[in-house]
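Peer 1: Can you read through this structure? Questions will come right after.
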Amino acid sequence: MHVLESFSLKGKVALVTGGAGLYGRQIVEALAEAGARTFLAARSVDKLEAVAAEERARGHDVTALHLDLSSDASIEALHKTIIERAGRCDVLVNNAVTRSALDGWKHELDDFDASLRVNASALFKITELFGTTMRANKAGSVINIGSMMGVVGLELGNYVGTDMMPNPSPIYHYEKGGMISFTRWAASILGVDGVRVNCLSPGGFFNGQPAPFVKNYSDRTQLGRMANSTDMKGAIIFLASDASLYITGTNLPVDGGYTAK
Ligand SMILES: NC(=O)c1ccc[n+]([C@@H]2O[C@H](COP(=O)([O-])OP(=O)(O)OC[C@H]3O[C@@H](n4cnc5c(N)ncnc54)[C@H](O)[C@@H]3O)[C@@H](O)[C@H]2O)c1
-3 MHVLESFSLK GKVALVTGGA GLYGRQIVEA LAEAGARTFL AARSVDKLEA VAAEERARGH
57 DVTALHLDLS SDASIEALHK TIIERAGRCD VLVNNAVTRS ALDGWKHELD DFDASLRVNA
117 SALFKITELF GTTMRANKAG SVINIGSMMG VVGLELGNYV GTDMMPNPSP IYHYEKGGMI
177 SFTRWAASIL GVDGVRVNCL SPGGFFNGQP APFVKNYSDR TQLGRMANST DMKGAIIFLA
237 SDASLYITGT NLPVDGGYTA K
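So in our numbering, the last one in the sequence shown is 257, and the numbering has no gaps at all.
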């Protein structure tokens, strides 16, 4: 196979959780452009449907579906719908995230549990369900969207001169660090059936943050800038496609060199 053909997702079916958000939007765009029949799923179907309609107008096969990751039944219903409609799922991108319990370390245990339910327990459940279907097909790629915050500690200096992050919480770092560990674990379970599991750990996305933060953060990266609306596309297609058939259990930072500095 010509190497460029190995990046094609023609004939493949992909699911992105949370496909209308900052990073989700470009993940959907990338998968659809590479030829995958792409489903995106989260709680606000209206927002997702706007993304799906934009992609369909570009000639892509994109469908919005409902998903509440805090509900077992909702995850099961999504899996059933996709298998009924498409017969398979070749690529699962675990991108959705809840940012509850982000403000402060001092929380009721229930607050932490609510965050862990979406960002950890639901990750286990959805990966097990779709992973089982992929195993039956003897192929598939699961991509977990982590964060550079799962790799390094909190850099308080990034927030100097702003009122951001006045009261940091450990939960996001814990969950994203755990995601890298879960990636390795799931890769070791699913690999025997040809199913690969990898993690992409992005850096901070430029979203109009206060200028001091943008400067502080950008200076911490090796490329001197925050991430933009296309930076993740190539890495997603690489890990989703046959171009990375011998890569599993890894964590690929897409962070402008933040964690290498
Ligand atoms: N934005 C950044 O700077 C940044 C940096 C590093 C890593 N990341 C990671 O990238 C991924 C996407 O982040 P983002 O900034 O685009 O997020 P976002 O907040 O823009 O979007 C998150 C998505 O998750 C969905 N979601 C939240 N709770 C849900 C639930 N219970 N059920 C179903 N869907 C739910 C939301 O509807 C939304 O579509 C996340 O995993 C995040 O940790 C983001």
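Backbone N, C-alpha and C fix where the C-beta goes; we use that ideal spot for every residue, glycine too.
Model, not experiment: these values are computed from the prediction.
Jot down the residue ranges of each uninterrupted alpha helix (DSSP H) in the segment 115 to 189, minimum 4 residues, whole runs only, in chain order.
Peer 2: 118 to 133, 167 to 186
Peer 1: Which residues mark the beginning and the end of the alpha helix (DSSP H) in which Leu27 is found?
Peer 2: 18 to 29
Peer 1: Any chance you could list the alpha helix (DSSP H) runs of at least 4 consecutive residues sitting entirely within the segment 61 to 110, in chain order?
Peer 2: Qualifying alpha helix (DSSP H) stretches, in chain order: 68 to 82.
Peer 1: Would you say the beta carbon of Val188 comes nearer than 6 Å to a heavy atom of ligand 1?
Peer 2: no
Peer 1: Report the three-state DSSP secondary structure of Val(-1) (helix, strand or coil).
Peer 2: Correct three-state label for Val(-1): coil.
Peer 1: Can you name, in chain order, every residue of its own chain whose Cβ lies under 7 Å from the Cβ of Arg131, other than the five neighbours on each side?
Peer 2: Leu186, Asp189, Val191
Peer 1: Please look up how many angstroms separate the CB atoms of Thr217 and Gly252, rounded, as I've assumed it's under 8 Å.
Peer 2: Rounded, the Cβ-Cβ distance is 4 Å, consistent with contact.
Peer 1: Given a cut-off of 7 Å, decide if Thr59 and Ala48 are closer than it, judged by their beta-carbon atoms.
Peer 2: yes
Peer 1: Mind checking who Pro198 pairs with in its DSSP beta bridge?
Peer 2: Val250
Peer 1: So the candidates are Thr158, Val210, Asp109, Ala223; which of them puts its Cα closest to the Cα of Glu171?
Peer 2: Asp109
Peer 1: I want to check one thing, is the minimum distance from the CB of Phe201 to the heavy atoms of ligand 1 below 6 Å?
Peer 2: yes
Peer 1: Is the distance from the Cβ of Met228 to the Cβ of Pro198 below 7 Å?
Peer 2: yes
Peer 1: Could you tell me how far apart the beta carbons of Ala38 and Ala97 are, in whole angstroms, since I believe they sit closer than 8 Å?
Peer 2: Between Ala97 and Ala38 the Cβ distance is about 19 Å, and since that is not below 8 Å, they are no contact.
Peer 1: Since Thr59 sits in a beta bridge, which residues does DSSP pair it with?
Peer 2: Phe35
Peer 1: Measuring alpha carbon to alpha carbon, tell me which residue in Phe202, Ile233, Leu248 is nearest Leu18.
Peer 2: Phe202
Peer 1: Whose CA, out of Met144, Val87, Ser165, Ser111, lies closest to the CA of Gly136?
Peer 2: Ranking Met144, Val87, Ser165, Ser111 by Cα distance to Gly136 puts Val87 first.
Peer 1: How far does the beta strand (DSSP E) with Ala256 in it extend, from its first residue to its last?
Peer 2: No beta strand (DSSP E) contains Ala256, which DSSP labels as neither H nor E.
Peer 1: Evaluate Val193 with the Cβ neighbour count: other Cβ atoms within 10 Å of its Cβ, from every protein chain shown; 16 or more gives buried, anything less gives exposed.
Peer 2: For Val193, the number of other beta carbons within 10 angstroms of its own is at least 16, and it is reported as buried.
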